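What follows is one structure encoded as structure tokens, with my remarks underneath.
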Amino acid sequence: MDQYKDFAFVYDELMDEVDYDGWVKYIEDIIKNENVKVQNILELACGTGNMTIPLTKKNYDIAGIDISDEMLSVAREKAEKEGVELVLLQQDIAELDFEITNLDCVLCACDGFNYITYDDDLENVFTKTHELLKEDGIFIFDISSFYKLSNILGNNMYGENREDISYMWQNYFDEEENLVEMELAFFIKDEDGRFDRFEEVHQQRAYTEEEIVSMLKKSGFNYIKTYGDFTFESPKEESQRIFFVCKK
Ligand SMILES: C[S@@+](CC[C@H](N)C(=O)[O-])C[C@H]1O[C@@H](n2cnc3c(N)ncnc32)[C@H](O)[C@@H]1O
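According to UniProt numbering, the sequence shown is numbered sequentially starting from 1.
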């Protein structure tokens, strides 16, 4: 399945309404509230570096991993422009293999784990993360909630018609497998004013909060907190993004 190939080069433009500065601040507030000392961070599914670059600028030592060469190439280009040095690795996190252990923090932002569609694979990521963290290290991630994927994105169609980019986004929710298949068609204006068309099919798995908590426990995490939608309150039935804060 082609995911985050051509899309990588328009990802940032289409995510321009996401408040990444606010997201970074929220992650730092979590770290502060948990009273843990974080200097190094391993970021899973780091994409084009929208969290990686600002966190590096705040003097954390970060390594980012992503499966998409294209997303990583955009991250590299941005880092070079901004004079930031990044350590980036191309890897499928379902088979996470990172040499450095005793990490202070492992982070996965903006629903990277919804792309891991099999329980066994996600459990494997959690188990590997548990092994990589130091004894009082912290694991922070978010998922798009079951509610969001089944009820909002669900079987809906979205579209946008901008000056240089237009897209159509059709979703199908498989209730047996709890999978959303997203068919994306993009139209990108070239230098001659003509539109190039490309397509991608993405698949995201809808996990309930309880499923994730149970996998985390199986993987050895004993301390698990959950928050809804960038707050410090428990997720509600209609929360769209659920944050997990875990320690060994
Ligand atoms: C919604 S993007 C989030 C990117 C970035 N974290 C951000 O906040 O902008 C999801 C990312 O997950 C990556 N991804 C999906 N499946 C993956 C896998 N199995 N291993 C590593 N990365 C994966 C994609 O390539 C993409 O960069």
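Heads up, the beta-carbon is just placed ideally off N, CA and C, and yes, glycines get one too. Source: prediction; values computed, not measured.
Element boundaries [beta strand (DSSP E), containing residue i]
| i | result |
| --- | --- |
| Tyr-115 | From DSSP, Tyr-115 is part of no beta strand (DSSP E); its letter is neither H nor E. |
| Ile-242 | 241-247 |
| Leu-141 | Looking at the sequence itself, residue 141 is Phe, so the reference to Leu does not match. Residues 133-144. |
| Leu-96 | Segment: none, Leu-96 is in no beta strand (DSSP E) and carries neither H nor E. |
| Ala-8 | Looking at the DSSP string, Ala-8 is not in any beta strand (DSSP E); the run it does join, the alpha helix (DSSP H), is 8-14. |
Short Cβ contact (8 angstroms threshold) for residue i with residue j
| i | j | result |
| --- | --- | --- |
| Gly-228 | Lys-248 | no |
| Ser-144 | Asp-121 | no |
| Ile-109 | Met-51 | Note on identity: in this sequence residue 109 is Ala, with Ile being the wrong assignment. For Ala-109 and Met-51, yes; Cβs fall inside 8 angstroms. |
| Leu-42 | Leu-103 | yes |
| residue 275 | Arg-197 | The question about residue 275 has no answer here: the residues shown for the chain are numbered 1 through 248. |
| Ile-138 | Glu-34 | yes |
| Val-106 | Leu-86 | no |
| Asn-171 | Asn-155 | yes |
| Val-125 | Ile-93 | yes |
| Glu-209 | Thr-226 | yes |
| Gln-91 | Tyr-60 | no |
| Ala-45 | Asp-12 | no |
| Gly-49 | Ala-8 | no |
Per DSSP, cross-strand counterpart(s) of residue i
| i | result |
| --- | --- |
| Glu-200 | Leu-184 |
| Asn-171 | Met-182 |
| Ile-65 | Leu-44 and Leu-89 |
| Tyr-60 | In the DSSP output, where bridge partners are listed per residue, Tyr-60 has none listed. |
| Val-106 | Leu-42 and Phe-139 |
| Lys-128 | DSSP, once it has assigned bridges, lists no residue as partnering Lys-128. |
| Arg-205 | Leu-179 |
| Thr-226 | Phe-244 |
| Gly-159 | Met-168 |
Endpoints, the alpha helix (DSSP H) within which residue i is located
| i | result |
| --- | --- |
| Lys-148 | Where Lys-148 is concerned, there is no enclosing alpha helix (DSSP H), given that its DSSP letter is neither H nor E. |
| Glu-77 | 69-81 |
| Leu-55 | 52-57 |
| Gly-22 | 20-34 |
| Lys-217 | 209-218 |
Nearest-angstrom Cβ-Cβ length linking residue i and residue j, presumed shorter than 8 angstroms
| i | j | result |
| --- | --- | --- |
| Glu-181 | Asp-174 | 7 angstroms |
| Phe-244 | Phe-141 | 5 angstroms |
| Asp-16 | Glu-200 | That belief does not hold up - the Cβ atoms of Asp-16 and Glu-200 are roughly 19 angstroms apart, past 8 angstroms. |
| Ser-239 | Tyr-147 | 7 angstroms |
| Thr-56 | Val-84 | 5 angstroms |
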